[in-house]
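Novice: So the sequence lines, in the order shown, correspond to chains Z and E.
Residues in the first sequence are numbered from 7 upward in steps of one, following the working numbering.
Residues in the second sequence are numbered from 657 upward in steps of one, following the working numbering.
The beta-carbon is built from N, C-alpha and C at its ideal position, and this holds for glycine as well.
My structure is below; once you've seen it, I'll send some questions.
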Amino acid sequence: MQCQRVSTTLACFICRRNMFTSRRSYSQDEKLHKSIPAKPTWQDVDRSTLSKRGVVDDATIELLERLSLVNFNNQAGVKTLMDAVALADTLQVVDTTDVVPMDSVLEDRDLNLREDIITDGNCKEDVMRNAALTFEDYFVAPPGNIPLETKPASRYRDPDEEDQDKR
Amino acid sequence: MHRSSYRLQAYQDPKLAKELRSGEVSVSELCNRCKERASKLNSLNALVTTTFEQAEKHALESNQRIQSGNARHILDGIPFAVKDNFSTKGIRTTCASKILQNYIPAYTATVVEKLEECGAILMAKQIWMNLQWGDSGCTDSIFGPTRNPWLYPYKEREVTVQRSDTQEVQDTDWFISGGSSGGSAVAVATGMVLGALGSDTGGSTRMPASICGVVGLKPTYGLSSRHGLIPLVNSVDVPGVLSKTVDDAAVILGAMCGADPLDSTTVSLPDQSFQLPDEIDIKGLKVGIPQEYHSPRLEEEVLQSWSKAADLFENAGAKVIPVSLPHTQYSLACYSVLCAVEVASNMARYDGIEFGHRSQDHSSTEALYAASRHEGFNQVVRGRIFAGNFFLLRRSVLQICFNLMTT
């Protein structure tokens, strides 16, 4: 049966054309196209010259755990954040004076608006279906207004401790 | 990574179209073949949930339409799969994460609906990285890593990958598929399906496509609807296409793009057919080579490929000129901040109450939230949430975020 050669593609519905017919193998001695720069073009950013640097101290760690409602887990988690902050700090070298902020990826297009007519609804069962715990059409939550106990950030000092908050 | 000398069966069968339309091959047979292949290649770990029963039913319906000359679209009868972050009504959608391990959406993503309306047959949901954040190897999911098929020996008559192939490939010796749409890339590369949807935020469709040797397309933001795509970074996410050829990608894109009243960030184009002409003439086309794309530590092979592409365009008649995109080197830092803040915002919905993993800690609402999220999120996701919340702190917003929007 023709179908034995399975790995078939949709291209059979449209004429195939092969725009690029030449084949080359690569070698380091191949001369680059004249438009391609031979060497990297990036400028180094000396982080020691950055004036404003993000600070990740114990108070920040405790605040972030409170806001994020997850824990860092170990020292590696804290280091990951510090690396992310250091990377963001390098953006200071870019002068953005008088540049209007972009607030939409679509730039100058307006987002589509639709008429304010109800087109959906009566889907209570769909909405409730995925909740692990419900009671008579209510989602169930434990008592609120009890602040989460904050654990001290100093528990992440130990680099060997794998998971400070194993549950 | 070296290209294995074992070649996957990746050529195209130019007769398939005619065979489907003429009835020599039925849609059911095609889907069965894809299903068999998926089963035999199970150890590549590309699929999370299969929908073979439903696919069988749709295949019969599609076949009837084709036989009676009423095929809905060129994609009618074609098996496809989608990454497991596209909502599919009644079919588990896990995001390869514990936090959504048993989540079953009540609606289907617009782009998936559009492909199904064309008659394409959904075969499976595919593995990807845990909530789309992790290393770019697609190794982070709760279902285990996805393996690149190019390492394994190919046998002409019997397409299978068995753990007993240890003479040539040790079980612990496998290549990454790339991420985060690794499962989709593997499924297309191996012929489990003929096209797949991934999602692309920072390369998540293009990277695994490159590593698995298939076409990966990130459409321009706004072309395809994100309704039903479980969001990571709303301002950068785009449903992406993986296929064997560029023609196929164009067909799939044409079928799934378009303005959607359920996603206000979609745009309409006057001509959305995306038909590629039979003969492509690029004489006079100006192609820019951004000088700043030569980044530090660029691999020699990539540099040579870049140069080759420039040569090819020039030989075909295009005008290839150097251009400057002066802020390129800051783009990764920009991306890291903007993504982190949107991720922190998007992950806030996972509290265990309305859907998703719910912990047993009922001492207080906040304790439940924290425990559910701790149990559901892996280290990498948490790292992004912390970074995002750091950048969203009052003291950081003006200093970092505002400057970013102007970079």
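My parser needs the alpha helix (DSSP H) runs of 4 or more residues fully inside the segment 816–888 of chain E; what are they?
Specialist: 838–846, 862–868
Novice: Considering only residues of the same chain and omitting the five flanking positions on each side of Q98(Z), which have a CB-CB separation below 8 Å?
Specialist: L56, S57, K58
Novice: So G653(E) is in the beta strand (DSSP E); what residue range does that whole segment cover?
Specialist: With chain E represented from 657 up to 1063, any question about residue 653(E) goes unanswered, as that position is not in the structure.
Novice: Any beta-carbon of chain Z closer than 8 Å to the one on F930(E)?
Specialist: no
Novice: Measuring CB atoms only, is the segment 771–779 of chain E touching the segment 906–915 of chain E, in the sense that at least three cross pairs come out at less than 8 Å?
Specialist: yes
Novice: Assess contact between the segment 1036–1051 of chain E and the segment 89–103 of chain Z, defined as three or more Cβ pairs (one per stretch) separated by less than 8 Å. Is contact present?
Specialist: With the rule of 3 Cβ pairs closer than 8 Å, the segment 1036–1051 of chain E counts as touching the segment 89–103 of chain Z.
Novice: Is it buried or exposed, W830(E), if we count other Cβ atoms within 10 angstroms and call 16 or more buried?
Specialist: buried
Novice: If you measure from the beta carbon of N128(Z) to each beta carbon in chain E, is any gap under 8 Å?
Specialist: No, no contact with chain E.
Novice: Should D52(Z) be flagged as near chain E, meaning a C-beta pair shorter than 8 Å?
Specialist: no
Novice: If you draw a straight line from the C-alpha of L994(E) to the C-alpha of P107(Z), how long is it?
Specialist: 13 Å
Novice: State the start and end residues of the unbroken beta strand (DSSP E) segment that holds K754(E).
Specialist: No beta strand (DSSP E) holds K754(E); DSSP gives it neither H nor E.
Novice: What does E217(Z) touch in chain E if you count any residue whose Cβ is under 9 Å from its own?
Specialist: In the structure displayed, chain Z extends from 7 to 173; residue 217(Z) sits before or after that span and is not available.
Novice: Judging by CA-CA distance, which residue of P46(Z), T86(Z), A82(Z) is the nearest neighbour of L954(E)?
Specialist: P46(Z)
Novice: Can you tell me the Cα-Cα spacing of E113(Z) and Y763(E), whole angstroms?
Specialist: 30 Å
Novice: When we look at the beta-carbon of G884(E) and count the other beta-carbons within 10 Å, is it buried (16 or more) or exposed?
Specialist: buried
Novice: Which stretch, first to last residue, makes up the alpha helix (DSSP H) that contains G944(E)?
Specialist: Looking at the DSSP string, G944(E) is not in any alpha helix (DSSP H); the run it does join, the beta strand (DSSP E), is 942–946.
Novice: Answer with yes or no whether the minimum CB distance from W806(E) to chain Z is below 8 Å.
Specialist: False, the Cβ-Cβ gap to chain Z never drops below 8 Å.
Novice: How would you list, in chain order, the residues of chain Z whose beta-carbon sits under 7 Å from the beta-carbon of R748(E)?
Specialist: The contacting residues do not exist; R748(E) stays about 11 Å from chain Z at best.
Novice: What is the residue span of the alpha helix (DSSP H) that K691(E) lies within?
Specialist: 683–696
Novice: When the cut-off is 8 Å and only beta carbons count, does A94(Z) lie next to chain E?
Specialist: yes
Novice: Can you pull the chain Z neighbours of Y991(E), defined as C-beta to C-beta under 7 Å?
Specialist: By Cβ distance, chain Z contributes nothing, its closest Cβ being about 10 Å from Y991(E), past 7 Å.
Novice: In this structure, does DSSP put T921(E) in helix, strand or coil?
Specialist: coil
Novice: How big is the Cα-Cα spacing for L807(E) and V870(E)?
Specialist: If you draw a straight line from the Cα of L807(E) to the Cα of V870(E), it comes to about 15 Å.
Novice: Leaving out the 5 sequence neighbours to the left and right, which residues in its chain are closer than 6 Å to V892(E) when beta-carbon positions are compared?
Specialist: T857
Novice: Rank T846(E), P917(E), N971(E) by C-alpha distance to the C-alpha of D122(Z) and give the top, closest one.
Specialist: P917(E)
Novice: Using a cut-off of 8 Å between C-beta atoms, extract the partners of L56(Z) located in chain E.
Specialist: By Cβ distance, chain E contributes nothing, its closest Cβ being about 11 Å from L56(Z), past 8 Å.
Novice: Tell me, please, whether the CB atom of A65(Z) is closer than 8 Å to any CB atom in chain E?
Specialist: No, no contact with chain E.
Novice: Quick check on this structure: which residue in T876(E), D927(E), G872(E) has the alpha carbon closest to the alpha carbon of D903(E)?
Specialist: Residue G872(E) is the option with its Cα nearest to D903(E).
Novice: Can you have a look at D141(Z) and say buried or exposed, based on whether 16 or more other CB atoms are within 10 angstroms of its CB?
Specialist: The residue you asked about is not Asp; residue 141(Z) is Phe in the sequence shown. Looking at its Cβ environment, which holds fewer than 16 other Cβ atoms inside 10 Å, F141(Z) is exposed.
Novice: What's the call for V105(Z), buried or exposed, on a 16-neighbour Cβ count within 10 Å?
Specialist: It counts as exposed.
Novice: Inspect the beta-carbon positions of I722(E) and V681(E) and report whether they are closer than 8 Å.
Specialist: No, they are not a contact pair.
Novice: Is I777(E) close to chain Z? Criterion is C-beta to C-beta, closer than 8 Å.
Specialist: It does not: the Cβ of I777(E) has no partner Cβ on chain Z nearer than 8 Å.
Novice: Would you kindly work out how many angstroms separate the C-alpha atoms of R120(Z) and S110(Z), rounded to a whole number?
Specialist: In this structure, the CA atom of R120(Z) is about 19 Å from the CA atom of S110(Z).
Novice: Which residues mark the beginning and the end of the beta strand (DSSP E) in which L703(E) is found?
Specialist: 703–706
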